[in-house]
Structure formats: C-alpha cells, structure tokens
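Below is one structure; the comments refer to it alone.
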Amino acid sequence: MRIVKTRQETAIALLVIGLLMMTAGLACPALIVAESARAAGLTDQSDPSLSAGNEPAKQDVLYPTVNHSSISALAIETSRQRTLYSRQISPRIHMPAASKIMTALIACERLKPDVQVTISKVAAEAAALEKTPDGVLLHSGDKYPLGYLLARLIYYDSDAAALAIAEQVANVEEQFVEIMNARAAAFRMTGTVFKNSTGEPVYDMSATGFSELDPSLALLQYTTLPDMALLFLQAVANPVFLEYLTTSSRYFVLSESSLVIMRNKMSGIWTRSEGLINGVFYSQWANSSFMAATGTVNGINMIVLTYMGDPDEADNDLMAIFQACESFYTRSPLVIAGDSFTGATEQTIDGESFGLVFKNTVYYVHPHSNDWLKQTIRYKSLGPFNRPILRSMTVGQVIFDLMDGTQIAVDVAPDRQILSSISIIDNILSALQRNSNLATVLIIAGLILIIVMLIRIVIGIDRIRQLIKRIRLEKRDRSSEK
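All you need for our numbering is the position in the sequence shown, starting with 1, plus 1377.
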C-alpha cells in the first residue's frame, strides 16, 4: 500500500507541475514525458506488466539483474533476436538516436562515402548551434565528403550532419522523412513515426493531443525500444554503417592543408570493456543519455539500447549490462551434425523405413546455470518421400522450445541413402548395399574376370604377332626361289 500511495503522490505532483508549466507557457511535452518516465523509474523497478496492487506470480528468473541509471534498457541476441535483458521497454518514447541512426542507415544504403555533399543554409544554421570536438565549422555552400558527415553524425550526434545528409538524399528534409517512415514500415517498426532527421521532438499541443495523464500521447515523433532494436539490427547488418560504428577513430583530409582527426565520444569503452563492446552510438538530450551499442560476450553477438540514463554514468551503464550478460549467459551446441534423432523415423511411399540424423550443428544461448530447454520437443515431417532418398536431403525438422518462448527448428536428414527402384542398376546397387558379403564376392570375381581377360588379350596379341612373322618369312622364301 505504501508503494501505491507513493506512486499516487508522485503522479499528482507531476500533474500539478505540468499544469503550472502549461499555464505559464513553458511546458514542453517531451520534457514532461522524460521527467514522468524518470519519476516512474525511481519508484517502479518491477515488470511493467504487473499491476501495482497485485502480488507478482512466482516464476523462473529469465534475465540477469543489472543496476544502471537508465530508465529503460534492452539487450538483444543478434542471431535469433532473442531478448537477453529488458527493463520497461513498452512505453512510447522520444529517442533522438532513432532518427539519427535511420538517417545514417539510409545514407549508407543509397550513397557512397566519397560523394561530395553541399551544406545548405538550414544545415549551416544547425551547425552554428553545435560544437563538435573536431572543431570543423560547416558553412553554407561548403562541400564535404559523405564519409566525414557520417562520422560527424555517428561520433558526435550532429544535427547539422543529419540535415545535410537528408537534403543530399532527397533534396528537402520533408521528402527524406517519407523515406524514413517507409523504411520503418519495411522493418516492421509499427510503434514508430518519424517527423525529422535530427530527432528534435515534435508534439501536439491541442486539447485532444496533449494528455496530462499520459504526456507521451502528445509526441508526434516517437518510437519504442523494441522498434529501436529492429532498426539497430538492420543498421549493424549494413557493412558501411557497421564500419563507422565499430571504428573508434578516423581521420579525413578535407583540403590540401587540413587533416581532421575524429574520435567517437565513447571510444574509451573499447579498451575498458576488454573487447566486450566494439561499437557505440551516443546521443544526449535534456540532460539524459541515449545509447545503442554492439558487442560480443562468450561468443554471443548482441546489441544493447539504453534510454534516459545519467550522462555521467553512460559508459558504466553499458558496461554493467554487457558484463551481466557475460556472467549470466553462455553459448552451447543444441545438436551436433551427424548425431541420431531417435524421436521419429520416416519411410518411403513403398514402405522402406529409414532413421534420422541432425543435418547441422546448431548453437543456442542459455544461462550458465540452466539449459533453458522445455522437456517437450516436436517433430515436423516434410514427407511423403519417393525414392531416391539422399543423405543430403532435409526430410523434417525437430522443434525445441526454450523457457522464454523461443522456438528453434533444427533440420534432420536420412541416416542412409535409398536408391530408386526403377532401373535394374539401381536394384542391383540396392541389393549390394543390403548385403556387404555379396558385394565383396562380386568385386573379387569382377577383378579376377578382368585379369583373365587381360591375359587372354595379351596371348591373342602374341599369336597375331607370330602369325604376321610367319607370313613375312614365307614371302621371303618364295621370292628367293624365283
């Protein structure tokens, strides 16, 4: 009851503050969303699906426990897109990193890094409001290679670079936003709407659009952490984007006398994490950090997203999540190629049975202390089967269920080859396969027959040679008598 009361008091306090700010003309819905989420995060660290007054159901712990400053976080295994860790990932959120990453990805898909990009007046105005560590000022009419602008966007979270890239791709930002939303639909980001390339908040101040009870409804540009994960998985699958993300520093020659050295704001984490983290996109807005990172723990490729963390704890947040996953998870073979699957057998249409073996070695991720496998498996046949049956065929799938609901389908193949019964040769070969002793006798007999035939051929050749010799001698004798 004390927790419920605390939540009610917090909600009432936030509501009063929000109304006062709106009355004064100072209210920004995106800021209210941020503060509401932060307040909720301070009072509620439980599963958001549980109601405040209910006792949580007893269940197996599926995810590691992690202490970090971020309100929301999500870790995904890239191979099967399984969730390895999550905290409060459901709500609609304002996350500038989503727009920036989508902008960079579209540029990587459509343009080459050496393309010269002309800085527009709009991009130059945005550049005048930002200060990047490389000290480069973007002026209207200047030209820069796309590669530099990509690095500026990914390393420094640059609004000016995002605008310049958007205008290079689609002439005007409004048309580029249409491309962004089309790509989001293609990636099945159903909870995402883009309004600009920079991630600047866009909100509805109308009476129906702004709700004090749920300020996130005022956001017109928004996403969710699961949608953000879908986007980031697509981004790291692009080799150009991945190269920029996983390179901690690089340099560009912008003129004959200008060498610009750029370094990712989070480059120190490459060394500090001892190889766990190999790429980070860092964004900061309203005194909160937003991060998207990629790395490998125990042979598991994974991505991590954080929302609304303390900027001073940004690297610690990432380290905590990656290290927790390293301590909690391992990667093991689920099945090994060639091992028998004894749960089922198959047969041809004419009734000949054959066993099954696993076709490939398949690995999966699970906690160190638990195989995470349910005790039931299912077999799905791809039959019926006609002859011939080859060892390379896929004849079915064995489906394993994990404790988190993931299903892993593993292909199985025949344990032996069954030839066609149509031709006489196939019948003979099939009989030889079933009777190895007969096959051995026939092989030996065949070799003996070949040897005898070779001897007869040699003898026949020798007789012909002697006959030719006699004929020549007879011709000589006749010629001498004449």
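We put the CB at the ideal spot given by N, CA and C, even for glycine.
Secondary structure of Y1440 (DSSP, three-state): coil. Beta-bridge partners assigned by DSSP to W1662: S1665. One Cα belongs to M1830, the other to I1836, and the distance between them is close to 10 Å. Scanning its chain for C-beta atoms nearer than 7 Å, with the 5 sequence neighbours on each side dropped, one finds around L1439 the residues M1780 and D1781, in chain order. Sequence-distant partners of L1596 (beyond 5 residues in either direction) whose C-beta falls short of 6 Å from its own C-beta, in its chain, are H1471 and Y1580. Closest by C-alpha distance to Y1521, out of A1541, K1508 and D1536, is A1541. Closest by C-alpha distance to P1688, out of F1667, I1776 and L1767, is F1667. Approximately 6 Å separates the beta-carbon atoms of A1539 and K1477; this is inside 8 Å, confirming the contact. CA-to-CA, the gap between V1775 and V1742 works out to about 18 Å. CA-to-CA, the gap between T1722 and S1813 works out to about 24 Å. Bridge pairing for I1832: absent [DSSP]. Per DSSP, E1502 is one residue of the alpha helix (DSSP H) stretching across K1498 to A1505. Rounded to whole angstroms, the separation of the alpha carbons of C1485 and I1654 is 22 Å. At a Cβ-Cβ threshold of 7 Å, K1736 and D1788 count as neighbours.
The way I'd put it, the segment 1673-1684 doesn't touch the segment 1637-1646; fewer than three beta-carbon pairs between them come closer than 8 Å. Boundaries for Y1532: no beta strand (DSSP E) harbours it, while the alpha helix (DSSP H) harbouring it runs L1523 to Y1533, taken from the DSSP string. Between Q1784 and the set S1660, L1711, Q1843 and L1815, the nearest pair of CA atoms involves L1711. With fewer than 16 other CB atoms across the displayed protein chains lying within 10 angstroms of its CB, I1825 is exposed. By the Cβ-count criterion, M1582 is exposed, with fewer than 16 other Cβ atoms from all chains shown falling within 10 Å of its own Cβ.
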